[in-house]
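In the order they appear, the protein sequences are chains A and B. Be aware that the first sequence starts at 1, since it is given in the numbering used here, and climbs by one per residue. Be aware that the second sequence starts at 1, since it is given in the numbering used here, and climbs by one per residue. For reference, the structure is listed below as structure tokens.
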Amino acid sequence: MKKSIRMKAAAAAIAVAGALGMVHEAAAQANEIFVPVLVYRTGAYAPNGVPWADGFVDYLKLVNERDGGVNGIKIAFEECETGYATDRGVECYERLKSKKPVAVNPLSTGITFALTEKVAADKIVLMTTGYGRSESADGSVFAWNFPLLGTYWSAADMLVQHVAKKGSLKGKKIALVYHDSPYGKEPIKVLEEHAKKHGFNFIKLPVTHPGVEQKATWLQIRQQRPDYVFLWGWGVMNSTSIKEAIAVSYPRLQMYGVWWSSAEPDVLPAEAAAKGYNGITLGHSSEKGLPVHKDMLKHLYDKGKGTSAKKEEVGSVLYNRGMLSALLLVEGIKVAQGKYGKRVVTGEEVRWGVENLNIDAAKIKALGVEGMMQPVKTSCRDHEGVRKGRIHTWDGTAWSYTSEWLEADNKFLRPMVEAQAKAYAAEKKITPRDCSKEK
Amino acid sequence: MNFLQSKWMTVALFAVLGAGAVAPLLVTDTRLPQWIEVVLGGLMSGVLYSLVALGLVLIFKASGVFNFAQGAMVLFAALSLVRIMEKVPFPVALVLTIAIMVAVAWLIERLVLRPLVNQEGIVLFMATLGIAYFLDGLGQTVWGSDIYTLDIGMPKEPKILLENVFEGGILVGMEDVIAAVIAAVLVGVLALFFQKTPTGRALRAVADDHQAAQSIGIPLNRIWVIVWTVSGIVALVAGIIWGSKLGVQFSLQLVALKALPVVILGGFTSVPGAIIGGLIIGLGEKLSEVYLGPLLGGGIENWFAYVLALVFLLFRPEGLFGEKHIDRV
Chain A
1 MKKSIRMKAA AAAIAVAGAL GMVHEAAAQA NEIFVPVLVY RTGAYAPNGV
51 PWADGFVDYL KLVNERDGGV NGIKIAFEEC ETGYATDRGV ECYERLKSKK
101 PVAVNPLSTG ITFALTEKVA ADKIVLMTTG YGRSESADGS VFAWNFPLLG
151 TYWSAADMLV QHVAKKGSLK GKKIALVYHD SPYGKEPIKV LEEHAKKHGF
201 NFIKLPVTHP GVEQKATWLQ IRQQRPDYVF LWGWGVMNST SIKEAIAVSY
251 PRLQMYGVWW SSAEPDVLPA EAAAKGYNGI TLGHSSEKGL PVHKDMLKHL
301 YDKGKGTSAK KEEVGSVLYN RGMLSALLLV EGIKVAQGKY GKRVVTGEEV
351 RWGVENLNID AAKIKALGVE GMMQPVKTSC RDHEGVRKGR IHTWDGTAWS
401 YTSEWLEADN KFLRPMVEAQ AKAYAAEKKI TPRDCSKEK
Chain B
1 MNFLQSKWMT VALFAVLGAG AVAPLLVTDT RLPQWIEVVL GGLMSGVLYS
51 LVALGLVLIF KASGVFNFAQ GAMVLFAALS LVRIMEKVPF PVALVLTIAI
101 MVAVAWLIER LVLRPLVNQE GIVLFMATLG IAYFLDGLGQ TVWGSDIYTL
151 DIGMPKEPKI LLENVFEGGI LVGMEDVIAA VIAAVLVGVL ALFFQKTPTG
201 RALRAVADDH QAAQSIGIPL NRIWVIVWTV SGIVALVAGI IWGSKLGVQF
251 SLQLVALKAL PVVILGGFTS VPGAIIGGLI IGLGEKLSEV YLGPLLGGGI
301 ENWFAYVLAL VFLLFRPEGL FGEKHIDRV
């Protein structure tokens, strides 16, 4: 009898929860713009996934709290845990697409590869700020993909430019220690081309998921003694690489991480021993105290509405990246509303908005992110918008910039981008858009 | 007895593995100091795998349960310790964490194992799968999912030995050496516990037959609490060493999965088997990554152990030192 009552109570609770979910869904469709937030707050990649997710969600909350939404239209969002697994990411996407999202930001190159065809069919913008497929910078083929602020090819090019400034690379060795996944493999093509161009010996050292076993990799580095090590890791792989570098006495000064391998969770576990480790930035580092951060604290954290459990996280590298990713989406929505009206816009309309971003220095200042972002201008031809970064170096306690601005050489990269995009178009039978006719 | 189960087969297996280990010196232009570094690195990693495998063997010996939750226990114990250490000194945190692991063991016995007495091994295995997921979630919910630094004073910088013998010397990670010593001490203590104490003998009796052990007055429930507690403490030691090396974070439990091929190699019921299995896996994966990796595209360190375990399952399912399974028909 007792069991039966308990069963009924559980069934009732499930029914109520389901009904509430439906109410939320209906509300999201009526007068709100819905954004799914694919995150990983648990699992092997959580230390890096959490600050990004906090920054992304906080910015959406800030727009709702401070501005009352985008031109009066609130943004509804829902998190879905992917664990950085492609299958779970696709599952999240499929589950949330019924809520008519305008854009998705999966924070995984693997999930990006899996969603590229789906988003075009579903008319949902695929924003991959600082990651994703490098050839998707060519918007004539990849109409729905936006690898804003920089692709991995841009990152690899800037890193080679930087080390080349220290002296000729001819006859030198550059090792790439990479996550053995679509993400980690992305820079290989560009580095191979650069190896031919500059005459350096390129060594590829894959590390399998999750990247905690690297002893053999670093013993190879000790034996081969490369002049530079480029690190293309994620999550715990990064801190493990730095620790293993210490264990084989490889100089941290000769190590350069991509922007996903040079944040606080990557260096803090190694503490002072990580001193001297470098990374190429996606235009920003761990800036704190900018107007946008002050707004976050004032409108969210002081009212107990902040997403992060730790207020100090606001302004950290990955928090800033999540925040900028959300900011670019919001700006895309604003541009779309400028053309189609200040209402709930559709995915197609937001796609146009993100394709016509023009965020200049004055706009960047007005958004409160001056110094964290370079002017971004997208077009049908260029879905990347900007390809600039600086090297930042860990001094044992904080990141600081240690180079002038670098800009990826688009004359070198663009033919590769177009060739790869063309091959994709041929494989998928896509007719590239004529960008001269796009308005 | 056929050849596959004979001592000669064991000797032959060791000969094949040994030949594989020295092959790089004979067929490539590898220099001796480089090879020694890889071998040492592999053996040190192997010792750490053995530590986790010990926990598995312990529970299997005492209860016949293959504890899939051992990795989750390593993570849970290390997470508990590192977070408690934020408030109190290390010795106090250690005692509190041991208390938590005792409580976990008691709860597992009370809520999971007791209702499943005399069930099939596969049922108990499935129950441990549930425990693994529960501990995973609970640990991260209660203690968080960041990477936590666990500093117990282990030396991080390596030492270069024999510099006057070999050019560049031989690099030895002192952290690994200390870990190996701790593991060796733990193995010694466990071997004594199993062989020389009444509780150890009772544990082995329970492993042979739950009902028979109960019928001669061995308190099954208490024995299970003891064995899960000991296993929890072994998990804590493994968690401290791994955590000190990698930081305390979720992936610790994925590393702990390596204990599975280790026990397949060494045998589910053998403490020395867990040690030797760990050393073979550690050595094998490092040598294969360094010397076969460039030929096969690299990244083989992770799957090598499982392939080796598969070969053993095909030809010698009881492992190198496991008890031979004899069915009377």
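Idealized CB from N, CA, C, for every residue including glycine.
Are the CB atoms of residue j and residue i within a distance shorter than 9 Å?
i, j, result
"B/Gly232", "B/Leu81", "no"
"A/Leu329", "A/Ala103", "yes"
"B/Gly319", "B/Val263", "yes"
"B/Leu116", "B/Leu124", "yes"
"A/Val467", "A/Gln337", "In the structure as shown, chain A begins at 1 and stops at 439. Residue 467 of chain A is therefore absent and cannot be evaluated."
"A/Glu404", "A/Arg390", "yes"
"A/Ala361", "A/Lys388", "no"
"A/Asp180", "A/Phe200", "no"
"B/Ala77", "B/Gly284", "no"
"A/Val119", "B/Asp146", "no"
"B/Leu48", "B/Gln70", "no"
"A/Asn145", "A/Thr112", "yes"
"A/Gln223", "A/Leu406", "no"
"A/Val90", "A/Ile75", "no"
Give the range of the alpha helix (DSSP H) segment to which residue i is assigned.
i, result
"A/Lys339", "Val317 to Tyr340"
"A/Ser142", "Ser is not the amino acid found at residue 142 of chain A; the sequence shown has Phe there. Where A/Phe142 is concerned, there is no enclosing alpha helix (DSSP H), given that its DSSP letter is neither H nor E."
"B/Ile100", "Phe90 to Ile108"
"B/Met85", "Per DSSP, B/Met85 belongs to no alpha helix (DSSP H) and is neither H nor E."
"B/Thr30", "That residue, B/Thr30, is in no alpha helix (DSSP H); it is neither H nor E in DSSP."
"A/Gln161", "Tyr152 to Ala164"
For residue i, would you say it is in contact with chain A, using Cβ-to-Cβ distances shorter than 9 Å as the test?
i, result
"B/Phe250", "yes"
"B/Leu314", "no"
"B/Phe14", "no"
"B/Ile147", "yes"
"B/Ala309", "no"
"B/Lys87", "no"
"B/Lys286", "yes"
"B/Gly217", "no"
"B/Leu161", "no"
"B/Val290", "yes"
"B/Gly265", "Looking at the sequence itself, residue 265 of chain B is Leu, so the reference to Gly does not match. Not one chain A Cβ lies under 9 Å of B/Leu265."
"B/Pro198", "no"
"B/Pro158", "yes"
"B/Val11", "no"
"B/Gln140", "yes"
"B/Leu171", "yes"
"B/Glu392", "Because chain B here runs from 1 to 329, residue 392 of chain B falls outside it and cannot be looked at."
Please report whether the beta-carbon of residue i lies at a distance below 9 Å from any beta-carbon of chain B.
i, result
"A/Arg222", "yes"
"A/Ile246", "yes"
"A/Met22", "With a pLDDT of 40 at A/Met22, under the threshold of 50, the modelled position of this residue cannot be trusted, and the question is left open."
"A/Ala46", "yes"
"A/Val417", "no"
"A/His455", "Residue numbering for chain A in the displayed model covers 1 to 439; residue 455 of chain A lies beyond these limits and cannot be assessed."
"A/Val50", "yes"
"A/Thr240", "yes"
"A/Ala27", "Low confidence applies to A/Ala27: its pLDDT is 43, below 50, so where it sits in the model is not reliable, and the reading given next is rough at best. Output row for A/Ala27: interface = no."
"A/Ser249", "yes"
"A/Thr42", "yes"
Could you please give me the residues that DSSP links to residue i through a beta bridge?
i, result
"A/Phe34", "A/Ala76 and A/Pro101"
"A/Glu407", "A/Lys388"
"A/Val376", "A/Ile359"
"A/Glu81", "A/Val39"
"B/Leu171", "B/Ile160"
"A/Val70", "A/Ile73"
"B/Tyr148", "B/Val248"
"B/Trp8", "In the DSSP output, where bridge partners are listed per residue, B/Trp8 has none listed."
"A/Asp382", "A/Asp138"
"B/Trp228", "None; B/Trp228 has no bridge partner."
Check for me: the beta strand (DSSP E) holding residue i runs from which residue to which?
i, result
"A/Tyr178", "Lys173 to His179"
"A/Ile124", "Unbroken run through A/Ile124: none, as it is neither H nor E."
"A/Tyr401", "Trp399 to Tyr401"
(request) Go through the stretch 239–300 of chain A residue by residue and report every complete run of the beta strand (DSSP E) that reaches 3 residues or more, in order. (result) 255–257 and 278–280
(message) Runs of 4 residues minimum, wholly inside the stretch 184–240 of chain A: which ones carry the alpha helix (DSSP H) assignment?
(response) 188–198 and 215–224
(request) Return the residues of the stretch 20–38 of chain B that lie within a Cβ-Cβ distance of less than 8 Å from chain E, sorted by chain order. (result) Looking for chain E here will not work: the only protein chains present are A and B.
(request) For the stretch 230–279 of chain B, list the alpha helix (DSSP H) runs that are entirely contained and at least 4 residues long, ordered along the chain. (result) 252–256 and 259–266
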